[in-house]
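Chemist: Here the protein sequences come in this chain order: A and B. Numbering-wise, the UniProt record's numbering puts 394 at position 394 of the first sequence, and it's gapless, one number per residue. Numbering-wise, the UniProt record's numbering puts 88 at position 88 of the second sequence, and it's gapless, one number per residue.
There are 2 protein chains.
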Amino acid sequence: MDNVKQIEKDFRELLTEQNAYREAITLIHWDMRTKIPKKGVEQRSEVVGFLSEKLHQIETSDKMKYFIDILKDNTEDEILKKTIEDCEETYERNRKIPHNEFREYVMLQSKSESVWQEARENNDFSLFSPYLEKLVEFNKRFAGYWGYENNIYDALLHNYEPGVTTETLDRVFPDLRKSLTSLLERIKQSTSKPDPGILTGFFPKADQEAFSLAVLQEMGYDFTSGRLDETIHPFAIALNQNDVRVTTRFDEEDFRMAVFGTIHEGGHALYEQNISPQLAGTPLSTGTSMGIHESQSLFWENFVARKEAFWERHYDTFLKYAPEQFHKMPLNQFYRAVNEVKPSLIRIEADELTYSLHIMIRYELEKALINGEITVDELPGLWNEKMKEYLGVEPPTDREGVLQDIHWSSGDFGYFPSYALGYMYAAQFHNTLKKEINFDDHLLNGRFNEVREWLTRNIHQHGKMKKPLQIIEEVTGEKLNPDHLVTYLTSKYSKIYDF
Amino acid sequence: MDNVKQIEKDFRELLTEQNAYREAITLIHWDMRTKIPKKGVEQRSEVVGFLSEKLHQIETSDKMKYFIDILKDNTEDEILKKTIEDCEETYERNRKIPHNEFREYVMLQSKSESVWQEARENNDFSLFSPYLEKLVEFNKRFAGYWGYENNIYDALLHNYEPGVTTETLDRVFPDLRKSLTSLLERIKQSTSKPDPGILTGFFPKADQEAFSLAVLQEMGYDFTSGRLDETIHPFAIALNQNDVRVTTRFDEEDFRMAVFGTIHEGGHALYEQNISPQLAGTPLSTGTSMGIHESQSLFWENFVARKEAFWERHYDTFLKYAPEQFHKMPLNQFYRAVNEVKPSLIRIEADELTYSLHIMIRYELEKALINGEITVDELPGLWNEKMKEYLGVEPPTDREGVLQDIHWSSGDFGYFPSYALGYMYAAQFHNTLKKEINFDDHLLNGRFNEVREWLTRNIHQHGKMKKPLQIIEEVTGEKLNPDHLVTYLTSKYSKIYDF
Numbered sequence: 001m002d003n004v005k006q007i008e009k010d011f012r013e014l015l016t017e018q019n020a021y022r023e024a025i026t027l028i029h030w031d032m033r034t035k036i037p038k039k040g041v042e043q044r045s046e047v048v049g050f051l052s053e054k055l056h057q058i059e060t061s062d063k064m065k066y067f068i069d070i071l072k073d074n075t076e077d078e079i080l081k082k083t084i085e086d087c088e089e090t091y092e093r094n095r096k097i098p099h100n101e102f103r104e105y106v107m108l109q110s111k112s113e114s115v116w117q118e119a120r121e122n123n124d125f126s127l128f129s130p131y132l133e134k135l136v137e138f139n140k141r142f143a144g145y146w147g148y149e150n151n152i153y154d155a156l157l158h159n160y161e162p163g164v165t166t167e168t169l170d171r172v173f174p175d176l177r178k179s180l181t182s183l184l185e186r187i188k189q190s191t192s193k194p195d196p197g198i199l200t201g202f203f204p205k206a207d208q209e210a211f212s213l214a215v216l217q218e219m220g221y222d223f224t225s226g227r228l229d230e231t232i233h234p235f236a237i238a239l240n241q242n243d244v245r246v247t248t249r250f251d252e253e254d255f256r257m258a259v260f261g262t263i264h265e266g267g268h269a270l271y272e273q274n275i276s277p278q279l280a281g282t283p284l285s286t287g288t289s290m291g292i293h294e295s296q297s298l299f300w301e302n303f304v305a306r307k308e309a310f311w312e313r314h315y316d317t318f319l320k321y322a323p324e325q326f327h328k329m330p331l332n333q334f335y336r337a338v339n340e341v342k343p344s345l346i347r348i349e350a351d352e353l354t355y356s357l358h359i360m361i362r363y364e365l366e367k368a369l370i371n372g373e374i375t376v377d378e379l380p381g382l383w384n385e386k387m388k389e390y391l392g393v394e395p396p397t398d399r400e401g402v403l404q405d406i407h408w409s410s411g412d413f414g415y416f417p418s419y420a421l422g423y424m425y426a427a428q429f430h431n432t433l434k435k436e437i438n439f440d441d442h443l444l445n446g447r448f449n450e451v452r453e454w455l456t457r458n459i460h461q462h463g464k465m466k467k468p469l470q471i472i473e474e475v476t477g478e479k480l481n482p483d484h485l486v487t488y489l490t491s492k493y494s495k496i497y498d499f
Numbered sequence: 001m002d003n004v005k006q007i008e009k010d011f012r013e014l015l016t017e018q019n020a021y022r023e024a025i026t027l028i029h030w031d032m033r034t035k036i037p038k039k040g041v042e043q044r045s046e047v048v049g050f051l052s053e054k055l056h057q058i059e060t061s062d063k064m065k066y067f068i069d070i071l072k073d074n075t076e077d078e079i080l081k082k083t084i085e086d087c088e089e090t091y092e093r094n095r096k097i098p099h100n101e102f103r104e105y106v107m108l109q110s111k112s113e114s115v116w117q118e119a120r121e122n123n124d125f126s127l128f129s130p131y132l133e134k135l136v137e138f139n140k141r142f143a144g145y146w147g148y149e150n151n152i153y154d155a156l157l158h159n160y161e162p163g164v165t166t167e168t169l170d171r172v173f174p175d176l177r178k179s180l181t182s183l184l185e186r187i188k189q190s191t192s193k194p195d196p197g198i199l200t201g202f203f204p205k206a207d208q209e210a211f212s213l214a215v216l217q218e219m220g221y222d223f224t225s226g227r228l229d230e231t232i233h234p235f236a237i238a239l240n241q242n243d244v245r246v247t248t249r250f251d252e253e254d255f256r257m258a259v260f261g262t263i264h265e266g267g268h269a270l271y272e273q274n275i276s277p278q279l280a281g282t283p284l285s286t287g288t289s290m291g292i293h294e295s296q297s298l299f300w301e302n303f304v305a306r307k308e309a310f311w312e313r314h315y316d317t318f319l320k321y322a323p324e325q326f327h328k329m330p331l332n333q334f335y336r337a338v339n340e341v342k343p344s345l346i347r348i349e350a351d352e353l354t355y356s357l358h359i360m361i362r363y364e365l366e367k368a369l370i371n372g373e374i375t376v377d378e379l380p381g382l383w384n385e386k387m388k389e390y391l392g393v394e395p396p397t398d399r400e401g402v403l404q405d406i407h408w409s410s411g412d413f414g415y416f417p418s419y420a421l422g423y424m425y426a427a428q429f430h431n432t433l434k435k436e437i438n439f440d441d442h443l444l445n446g447r448f449n450e451v452r453e454w455l456t457r458n459i460h461q462h463g464k465m466k467k468p469l470q471i472i473e474e475v476t477g478e479k480l481n482p483d484h485l486v487t488y489l490t491s492k493y494s495k496i497y498d499f
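Rendered as structure tokens:
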């Protein structure tokens, strides 16, 4: 027993080392995406490579294995038990890949990303396809090493959404698609359409920033544990529990980019800022999955900041910063405009309704790729066909089509479904939360604190102590159910589009 | 021979590791001084502690010793030879200190800094004095471990200004003091005094920043290898040769803080940006000493940016950003005002002439402390006496006296002289440079590039390949000579103060 206590102590020391590397690497990533001068990048990449290798060495070390083997059945500390589970999974998954294959893959990833950028710039898929083929091959091989029950793609999905399988997705996605496309049809046929044109026009960056900061503050984002910076691709990043940063992008012709972007990233940040301090320093001190993380950002972006009640409360504040043109605009016209639905070519510009359709296309294609049912060369054509079928629009070139996302170039197969899961999770949480607290009333009165506390109590605090589907079931009392998203969207858009 | 080549290769790999830790630590320091949210500091300190320990382990490793022993006499690569010398010195100096004493000292340092802050806030030297006593004790002991020829203080001085000894300082400082105080006397008696009051008044931060950036640009600071940020205590920092950052502080009531501060730090940054790329990745890729570094910042701050010719060239640019009040101000009135001399209590607010007097006081006191000639308790009284004697002003409390500087609280004994050496070095470089290029003419025409190139050719590029006094002698053809500073100041102030 005394011996176990000592081993636990030694194990915690190893976690501290692991954590130090992770935190240093994360700071470098934040800096590389926000501040680093152009010429500093090359040398900094070497540094991050070195530190990542060190981290990888610890994760797969014999020392780690020793702690796992002993503490797995002997520790009585619940947090340590889960920590050991997490470390074991990382250890096993990493050890299953031969070291030389892993190195080769890391080099391929970094090369592929820059080739993809070039291919996108030149609108030439053929530049990228040989790399994509290799990436697919590696991922198939890794999936084989990791193992799976029914579908090889499940082994990859597991990296981003443990517990969710193709079986689940193939159950919910087709129904969801049917509902979304029929809703989209009614919206298209509506004669009462919002006019998003009224939202564009010069809106100085400083004023957008001031309003974004005011909303972040009200959401309960803790500025003594975070900060907002400018970047090209907005993100939220947790360096540690008390340093969770948000970035945003300003478009002086369209305030929506910065305002909704900041709120979205703020939702991610609230998750990381409110994980239980008891988990600090363990690998459990982060969001439990990409999908649950996305549910938090989408909750704030859509279920809060695109709601009528939110704007009833905040329109005056908004007008304090907004340029002239908004001052004569009735609230309802503004509210409808920020909720326009319009099928578009680019995923990251998609609205709440069509977004999930973009995801399904990617899911179907990458699943087929990994299962060897289609080839890389067939991708651009299939992409365009599906866009036409699901969204009714067709990319004029691959740049607006198959080349638009970075994910595949980084080898991130299995990642995309998390985005659509995030929408469904958020809607399901929203449905439960509405029954437990007077949500609209809280929004009208700016009592975001109680909303944030509900999310913290039910989701944030647990970090990786609970798996995604476990959280869904415990919080909402049912399994993943896409109906909540459909009901929510139907009710929302029938009012906006008057059908 | 082939064997040596292989060992050189392995050694370079160790240098790469060492460098990766150093770069990660430096980024954390930059972030902690500019961006980190308050609550993130505690955990980040742990991370920096861990990484510093790793770096220290490499520097003092048996592996390092192995490379030193073999390559010292066998490498034919000049850069490697110097690198080995540098690594050997670091190895020897660190190994001479018993590990437990070093750990104890590091903890004392970090504790002392916060106690000093508290003492300064409460204006209570007695809080700080027990810590200062311990710091002095440790430094005496370390100096003993390191060894010295004549004066124990030389062993500490060596950390900041290798090659310079108390013998040198005791030769140059008294003469310099005599000259400076007599010059100060004449200035005091002058009836034609500049009026610095005309310089203060509201000057928006954004405009100060725009002008500072314009000057940095013209100095040849490379913004693709650097950036300017805001901070409380301005500094320049080299993460790598292609990422050398500058920070500044804005006082909207007094533009001098930001403008001269940025130029000063820009001078440090130019040094680090222009070290030969051949030295990249070795410990030689940095300024050769604190004094030479300071000579570069002071050169740009005083010998460029406080010169008449500089303002003749830049006054129009300045007026583009400056508020109304400056638009009716004759250039000469402005020039004289930015060159006011006035004995003051605070070192970092001192002018070009009195600054070195502040340094001499600190030097004399810390040398006496380390030599056991005075006690810590006597410090405040002696400080005030010397202030009165050298500068004619007396601190009303210790906050404006002995408690003003952070250096002693970090155990940095032997550091202060570098500042005064920097002034003397800069004046000596200036004297040589004037003979070789048409300096005033270059300033008048904004041809800073040729000035910067002269400094790069003679100083910057060498990094630590040359020792400070070696550079002085090679560049100026003579030993350290304080007369150049005196001549320069006399000529400058006799014009400004009309004597």
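Glycine residues also receive a C-beta, built at the ideal position from the N, C-alpha and C atoms. Please read these numbers as outputs of a predicted model, since none were measured by experiment.
Measure the CB-CB distance between GLY291 of chain A and SER418 of chain A and report whether it falls below 9 Å.
Modeler: For the purposes of this step, residue 291 of chain A is identified with residue 291 of the first sequence, where counting begins at 1. For the purposes of this step, residue 418 of chain A is identified with residue 418 of the first sequence, where counting begins at 1. Yes, they are a contact pair.
Chemist: For ARG22 of chain B, collect the residues of the same chain with a Cβ closer than 7 Å to its Cβ; drop the 5 residues on either side in sequence, then sort them by chain order.
Modeler: One-based indexing of the second sequence puts residue 22 of chain B at position 22. The answer, listed in chain order, is LEU55.
Chemist: Mapping DSSP to helix, strand and coil, what is GLU8 of chain B?
Modeler: Position 8 of the second sequence, counted from the first residue, corresponds to residue 8 of chain B. DSSP places GLU8 of chain B in helix when its eight states are reduced to three.
Chemist: Please determine if the stretch 381 to 388 of chain A and the stretch 130 to 140 of chain A are in contact, where contact requires at least 3 C-beta pairs separated by less than 8 Å.
Modeler: No, the stretch 381 to 388 of chain A does not touch the stretch 130 to 140 of chain A.
Chemist: Taking the alpha-carbon positions, what's the ARG186 of chain A to ILE496 of chain A distance?
Modeler: Position 186 of the first sequence, counted from the first residue, corresponds to residue 186 of chain A. Position 496 of the first sequence, counted from the first residue, corresponds to residue 496 of chain A. Roughly 12 Å separates the two Cα atoms.
Chemist: What span of residues does the beta strand (DSSP E) with ALA238 of chain A cover, start to end?
Modeler: Numbered from 1 along the first sequence, position 238 holds the residue referred to as residue 238 of chain A. ALA238 of chain A -> beta strand (DSSP E) spans 236 to 240.
Chemist: Would you tell me roughly how many angstroms separate the C-alpha atoms of ASP251 of chain A and THR200 of chain A, rounded to the nearest one?
Modeler: Taking the first sequence and counting its residues from 1, the one referred to as residue 251 of chain A is at position 251. Taking the first sequence and counting its residues from 1, the one referred to as residue 200 of chain A is at position 200. Going by the C-alpha atoms only, they are around 10 Å apart.
Chemist: Is there contact between the stretch 25 to 43 of chain B and the stretch 97 to 105 of chain B, where contact requires at least three CB pairs shorter than 8 Å?
Modeler: Segments in contact, no.
Chemist: Which of the three DSSP states is assigned to ASP254 of chain A in this structure?
Modeler: As a working note, residue 254 of chain A is residue 254 in the first sequence. If DSSP states are grouped into helix, strand and coil, ASP254 of chain A belongs with the strands.
Chemist: Buried or exposed for ILE348 of chain B, please, with buried defined as at least 16 other CB atoms from any protein chain shown within 10 angstroms of its CB.
Modeler: In the second sequence, the residue the question calls residue 348 of chain B occupies position 348. Exposed, since its Cβ has fewer than 16 Cβ neighbours within 10 Å.
Chemist: Out of B:LEU15, B:GLU46, B:GLN18, point me to the one whose CA is closest to HIS29 of chain B's CA.
Modeler: As a first step, residue 29 of chain B is located in the second sequence; it is residue number 29 there, counting from the start. HIS29 of chain B has its Cα closest to that of B:GLU46, out of B:LEU15, B:GLU46, B:GLN18.
Chemist: Measuring CA to CA, which of A:LEU403, A:LEU485, A:PHE439, A:SER409 is closest to ASN122 of chain A?
Modeler: Locating residue 122 of chain A in the first sequence gives position 122, counting from the first residue. Residue A:LEU403 is the option with its Cα nearest to ASN122 of chain A.
Chemist: Along the chain, where does the alpha helix (DSSP H) that runs through ASP483 of chain A open and close?
Modeler: Indexing the first sequence from 1 puts residue 483 of chain A at position 483. 483 to 496 is the span of the alpha helix (DSSP H), which, as asked, contains ASP483 of chain A.
Chemist: So does the stretch 224 to 244 of chain B actually touch the stretch 258 to 277 of chain B, counting three or more Cβ pairs closer than 8 Å?
Modeler: Yes: the two stretches touch, three or more of their Cβ pairs being nearer than 8 Å.
Chemist: Nearest CA to the CA of LYS307 of chain A: which residue from A:GLN217, A:PRO396, A:SER192, A:GLU340?
Modeler: Numbered from its first residue, the first sequence carries residue 307 of chain A at position 307. Nearest option by C-alpha distance: A:GLU340.
Chemist: So what's LEU480 of chain A in DSSP terms, helix, strand or just coil?
Modeler: The count along the first sequence starts at 1 and reaches residue 480 of chain A at position 480. Three-state result, LEU480 of chain A: coil.
Chemist: Leaving out five residues on either side along the sequence, give the residues of the same chain with a beta carbon under 7 Å from the beta carbon of LEU379 of chain B.
Modeler: Looking up residue 379 of chain B in the second sequence gives position 379. Excluding residues within five positions, the ones whose Cβ falls inside 7 Å are LEU365, VAL402.
Chemist: Whole angstroms are fine: how far does the CA of ALA210 of chain A sit from the CA of VAL115 of chain B?
Modeler: Sequence index remark: in the second sequence, residue 115 of chain B carries index 115 (1-based). Sequence index remark: in the first sequence, residue 210 of chain A carries index 210 (1-based). So the alpha carbons of these two residues sit roughly 37 Å apart.
Chemist: What are the residues of the stretch 216 to 245 of chain B that lie near chain A, defined by any Cβ-Cβ distance shorter than 9 Å?
Modeler: Listed by position along the chain: ASP222, PHE223, THR224, SER225, GLY226, ARG227, ASP229, LEU239, ASN240, GLN241, ASN242, ASP243, VAL244, ARG245.
Chemist: Under the DSSP definition of a beta bridge, which residues are partnered with VAL451 of chain B?
Modeler: Taking the first residue of the second sequence as position 1, residue 451 of chain B is located at position 451. Bridge partners of VAL451 of chain B: none, in fact.
Chemist: In chain order, what residues of the same chain lie with their CB nearer than 6 Å to the CB of ASN458 of chain B, ignoring the 5 residues before and after it?
Modeler: Residue mapping note: residue 458 of chain B aligns to position 458 of the second sequence, counting from 1. Hits under 6 Å: VAL475.
Chemist: With 16 as the cutoff for other CB atoms within 10 Å, does LYS328 of chain A come out buried or exposed?
Modeler: By 1-based counting over the first sequence, the position of residue 328 of chain A is 328. So LYS328 of chain A counts as exposed.
Chemist: Buried or exposed for THR224 of chain A, please, with buried defined as at least 16 other CB atoms from any protein chain shown within 10 angstroms of its CB.
Modeler: By one-based count along the first sequence, residue 224 of chain A stands at place 224. Exposed is the call here.
Chemist: Which residues in chain B have a C-beta closer than 8 Å to the C-beta of ASP31 of chain A? List them in chain order.
Modeler: On the first sequence, position 31 is the one that residue 31 of chain A refers to. Residues of chain B passing the Cβ test: LEU27, ASP31.
Chemist: Tell me, please, which residues DSSP counts as bridged to ARG245 of chain B.
Modeler: Numbered from its first residue, the second sequence carries residue 245 of chain B at position 245. Paired residues: B:ILE237.
Chemist: Is the stretch 460 to 472 of chain A touching the stretch 317 to 334 of chain A, taking contact as three or more C-beta pairs under 8 Å?
Modeler: Contact between the stretch 460 to 472 of chain A and the stretch 317 to 334 of chain A is absent, because fewer than three Cβ pairs lie under 8 Å.
Chemist: Give me whichever residues DSSP pairs with THR200 of chain B in a beta bridge.
Modeler: Taking the second sequence and counting its residues from 1, the one referred to as residue 200 of chain B is at position 200. DSSP, once it has assigned bridges, lists B:ASP254 as partnering THR200 of chain B.
Chemist: Using a Cβ-Cβ cut-off of less than 9 Å, list which residues of the stretch 7 to 20 of chain A approach chain B; keep chain order.
Modeler: Listed by position, the residues of the stretch 7 to 20 of chain A near chain B (Cβ gap below 9 Å) are THR16, GLU17, ASN19, ALA20.
Chemist: Based on the DSSP secondary-structure assignment, which residues constitute the bridge partners of ASP124 of chain A?
Modeler: The count along the first sequence starts at 1 and reaches residue 124 of chain A at position 124. In DSSP, ASP124 of chain A forms no bridge with anything.
Chemist: Check this for me: beta carbons of LEU480 of chain B and TYR425 of chain B, under 9 Å apart or not?
Modeler: To locate residue 480 of chain B, count along the second sequence from 1; it is residue 480. To locate residue 425 of chain B, count along the second sequence from 1; it is residue 425. In contact: LEU480 of chain B and TYR425 of chain B (Cβ atoms closer than 9 Å).
Chemist: Taking 8 Å as the limit between beta carbons, can you name the residues of its chain near THR26 of chain A, skipping five residues before and five after?
Modeler: Position 26 of the first sequence, counted from the first residue, corresponds to residue 26 of chain A. Around THR26 of chain A: ILE237, ALA238, LEU239.
Chemist: Taking 7 Å as the limit between beta carbons, can you name the residues of its chain near ARG93 of chain A, skipping five residues before and five after?
Modeler: For the purposes of this step, residue 93 of chain A is taken as the residue at position 93 of the first sequence. So the list reads TRP146, once near-sequence residues are dropped.
Chemist: From LEU270 of chain A to LEU284 of chain B, what distance separates their C-alpha atoms?
Modeler: The residue labelled residue 270 of chain A in the question sits at position 270 within the first sequence. The residue labelled residue 284 of chain B in the question sits at position 284 within the second sequence. Looking at the two C-alpha atoms, the distance is approximately 44 Å.
Chemist: Identify the contact partners of HIS47 of chain A in chain B, using a Cβ-Cβ distance below 7 Å as the criterion.
Modeler: Locating residue 47 of chain A in the first sequence gives position 47, counting from the first residue. According to the sequence shown, residue 47 of chain A is Val rather than His. Ordered by position in chain B, the residues that pass the 7 Å Cβ test against VAL47 of chain A are ALA20, GLU23, ALA24.
Chemist: According to DSSP, simplified to helix, strand and coil, what is GLY352 of chain B?
Modeler: Reading the second sequence from its first residue, position 352 is the one you call residue 352 of chain B. Residue identity check: residue 352 of chain B is Glu in the sequence provided, not Gly. GLU352 of chain B falls in the coil class under three-state DSSP.
Chemist: Roughly how many angstroms lie between the CA atoms of LYS434 of chain A and ASP440 of chain A, to the nearest whole one?
Modeler: In the first sequence, residue 434 of chain A corresponds to position 434, counting from 1. In the first sequence, residue 440 of chain A corresponds to position 440, counting from 1. About 8 Å.
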